[in-house]
Structure formats: structure tokens, C-alpha cells
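Participant: The listed protein sequences derive, respectively, from chains P and V. FYI, the working numbering numbers position 122 of the first sequence as 122, with every residue one higher than the one before it. FYI, the working numbering numbers position 36 of the second sequence as 36, with every residue one higher than the one before it. Don't be surprised by glycine CBs; every beta carbon is placed ideally from N, CA and C.
There are 2 protein chains.
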Amino acid sequence: MSRSRDAVHEILRQSAAFRSAQDIFTEMRADGSKIGLTTIYRALQALNDDGRVDVLRTDDGEAVYRACATSAHHHHLVCRGCGLTVEVDGPDVEVWAERVGAEHGFTAITHTVEVFGTCAACAKG
Amino acid sequence: MSRSRDAVHEILRQSAAFRSAQDIFTEMRADGSKIGLTTIYRALQALNDDGRVDVLRTDDGEAVYRACATSAHHHHLVCRGCGLTVEVDGPDVEVWAERVGAEHGFTAITHTVEVFGTCAACAKG
DNA sequence: AACCGTTTTGACAATCATTTTCATTTTCTG
DNA sequence: CAGAAAATGAAAATGATTGTCAAAACGGTT
Ligand SMILES: [Zn+2]
Ligand SMILES: [Zn+2]
Ligand SMILES: [Zn+2]
Ligand SMILES: [Zn+2]
Numbered sequence: 001m002s003r004s005r006d007a008v009h010e011i012l013r014q015s016a017a018f019r020s021a022q023d024i025f026t027e028m029r030a031d032g033s034k035i036g037l038t039t040i041y042r043a044l045q046a047l048n049d050d051g052r053v054d055v056l057r058t059d060d061g062e063a064v065y066r067a068c069a070t071s072a073h074h075h076h077l078v079c080r081g082c083g084l085t086v087e088v089d090g091p092d093v094e095v096w097a098e099r100v101g102a103e104h105g106f107t108a109i110t111h112t113v114e115v116f117g118t119c120a121a122c123a124k125g
Numbered sequence: 001m002s003r004s005r006d007a008v009h010e011i012l013r014q015s016a017a018f019r020s021a022q023d024i025f026t027e028m029r030a031d032g033s034k035i036g037l038t039t040i041y042r043a044l045q046a047l048n049d050d051g052r053v054d055v056l057r058t059d060d061g062e063a064v065y066r067a068c069a070t071s072a073h074h075h076h077l078v079c080r081g082c083g084l085t086v087e088v089d090g091p092d093v094e095v096w097a098e099r100v101g102a103e104h105g106f107t108a109i110t111h112t113v114e115v116f117g118t119c120a121a122c123a124k125g
């Protein structure tokens, strides 16, 4: 696994937004690549397994991926208009999640936190 | 829209966990109902539109629904083992989300926050 | 360079959740 | 009760994702 995986990874590196498999496929084909959609799905899976890309689900259940700058735990602020994404962290949220879990006798706490909004550029029109 | 929608709503009321359409379908059929899967999807959609049920996506993209006690904004603490769900709120998280959005020039901020863990019962085995 | 076992790739079929379609049934209104 | 409008269910259509499998690309070895 390498040729294609690197190509997919590179596409993600050059995008500030979360991208779907179809999305990436369309772009790569437009750029002249002969890559197959199946290969893209496999590359995204591998990259995610290796912790090199983050994944989240859109409201309609589609998986979208992003190559974040850090591999450390963090969250995202995503523009609903253009998809522009900023990596953010929230120490308070981490603490809160642990505490609320513990308060109810839950262990092995994890959490998902995503913030959405309209970025300044999209707000202008 | 009424007969079936109420039946589906009732199933959800009696469950502490988030349930999928298939899930509900299987239970209702087992109980002798002649309801169709399509009708369940439509009922869940309608209930969600009316703000009577919450929806979230499992890791594999399946939509699951829950009739929460409150219709006010809140979040969930979900057991990965049995699905037991507790409604929680986090004023700090609300503030944090707004602030992090504003700091980056984003407007119309919304957010998704879910906490997962293993409940006390499931932890025992 | 030719050889050979391993990995990767891509076209295509298969799955699975969800949505559409459409004819039938139920509900509502007068 | 008649007729219109809303709801229902079976089956087909969609769309994303995964599985299959034979062909192509790799890597190391003579
Ligand atoms: Zn934007
Ligand atoms: Zn976190
Ligand atoms: Zn549990
Ligand atoms: Zn909140």
C-alpha cells in the first residue's frame, strides 16, 4: 500500500475541509488519475487506521475525512457553507466529559465534539 | 399521520436507549404488528421534524433515535455496551462552543456533543 | 533483465440503510 | 354515504460502502 494511499493523503493535505471518498475520486479523475473508487475507500481506511486522518459523519451519514495538522486529541470548527475547518481544543470540555461520565458511574469515557458555524468569508456572501 | 407514528413514539418512550429503524421494526413485528419498515422511517422522520425525538449516527453511519424526556437542548451519555442513555447538560460546553466559534469569526454556531462510556451494570459483566 | 511470491489495484457485483414510487387502504369532511 | 386527502406497505430505486477476483505493479533474487 503506497502509491495510491500517498496520492489520497496528498489530496487531503491540500484541503482545509473534510472530504468524502466520492469527492476525492472526482478530483483525482479530473486531474487525470486512473484511480478507482474502491482504492480510495481502502486508502482512507488505512490512513484512518494509522491515525493520519480524522473522520466524521455528515448529517446524512456520509463519511468525510481530513488530514489534520496534529495527531493529538482535538476537535473541529467547521463552516457549514464552504467546509473550511479549524482545529480547536477545549480542555474544559475534556474535563467536563470525564466528570459527567463519572457522576453517572460510567467508565472508559470517550466523546465526540464538533462545532459548526458560518465562517467570516461565507457570511459576507 | 397518527396511528403508526404514535406506536413508534411509544416504543421509543419505553426504551432508555437509542434505537434504529430496523430495531423498532423487528420489535413491533415480534409484537404482532403488521407495520411496514417504510412507515417506521416516515414516522421517525416526522417525530424528529416535530422535535419529539433526538437522532444521532452510530460509527457505521446508521441513524438511531430516542424519545428524550426534555425537548430543551441537552446532550447524551451513552453506554457502549447496553445503549443505556442518560440526558445531561453542560452549560460550560455551550459557552465554550460559542466562544471558540466567535474567536475564529464564525457565526450561527451550533454543536454536537456526545459522551460514551461503559455503564456500571455493563462494567460488572 | 527474467523469475517468482507478495501486495496493490480496479472493474464489477453484492450489501445495507434509506428513499421513491405507486397502488391500496384509512381517515376526514361535508 | 361520497369524495378528497392523508397514511400505509410492498417493491423498486438510490447511494454509500464493502467484498470478490483476476490483472497489474512491486521487491528482492538470480
Ligand atoms: Zn465558509
Ligand atoms: Zn475532546
Ligand atoms: Zn451498559
Ligand atoms: Zn449543547
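Report buried or exposed for G101 of chain V, applying the criterion of at least 16 other Cβ atoms within 10 angstroms of its Cβ.
Facilitator: buried
Participant: To the nearest angstrom, report how far apart A17 of chain P and G51 of chain P are at their CA atoms.
Facilitator: 17 Å
Participant: If you reduce the DSSP assignment to three classes, tell me which class D50 of chain V lands in.
Facilitator: Coil at D50 of chain V, not helix or strand.
Participant: Select from the region 21-48 of chain V all residues with a C-beta closer than 8 Å to any C-beta belonging to chain P, and list them in chain order.
Facilitator: none
Participant: Using a Cβ-Cβ distance cut-off of 9 Å, determine whether T70 of chain P contacts chain V.
Facilitator: no
Participant: Where A63 of chain V and A63 of chain P are concerned, what is the direct C-alpha to C-alpha distance, given to the nearest angstrom?
Facilitator: A direct Cα-Cα distance of roughly 13 Å separates A63 of chain V from A63 of chain P.
Participant: Given a threshold of 16 other Cβ atoms within 10 Å of its Cβ, counted over all protein chains shown, does H73 of chain V qualify as buried or as exposed?
Facilitator: exposed
Participant: Whose C-beta lies closer than 6 Å to the C-beta of H76 of chain P among residues of the same chain, with five residues either side of it excluded?
Facilitator: T85 and E114
Participant: What are the residues in the region 83-94 of chain V lying within 8 Å of chain P by C-beta distance?
Facilitator: V86, V88, G90, D92 and V93
Participant: Using three-state DSSP, classify H74 of chain V as helix, strand or coil.
Facilitator: coil
Participant: Count the other C-beta atoms from every protein chain shown that fall within 10 angstroms of the C-beta of G90 of chain V, then say buried if there are 16 or more, exposed otherwise.
Facilitator: buried
Participant: Can you name the start and end residues of the alpha helix (DSSP H) that G101 of chain P belongs to?
Facilitator: P91 to E103
Participant: Is any heavy atom in ligand 3 found nearer than 8 Å to the beta carbon of G83 of chain V?
Facilitator: yes
Participant: Considering only DSSP beta bridges, list what Y65 of chain P is partnered with.
Facilitator: According to DSSP, which records beta bridges pairwise, Y65 of chain P is partnered with P:R19 and P:V55.
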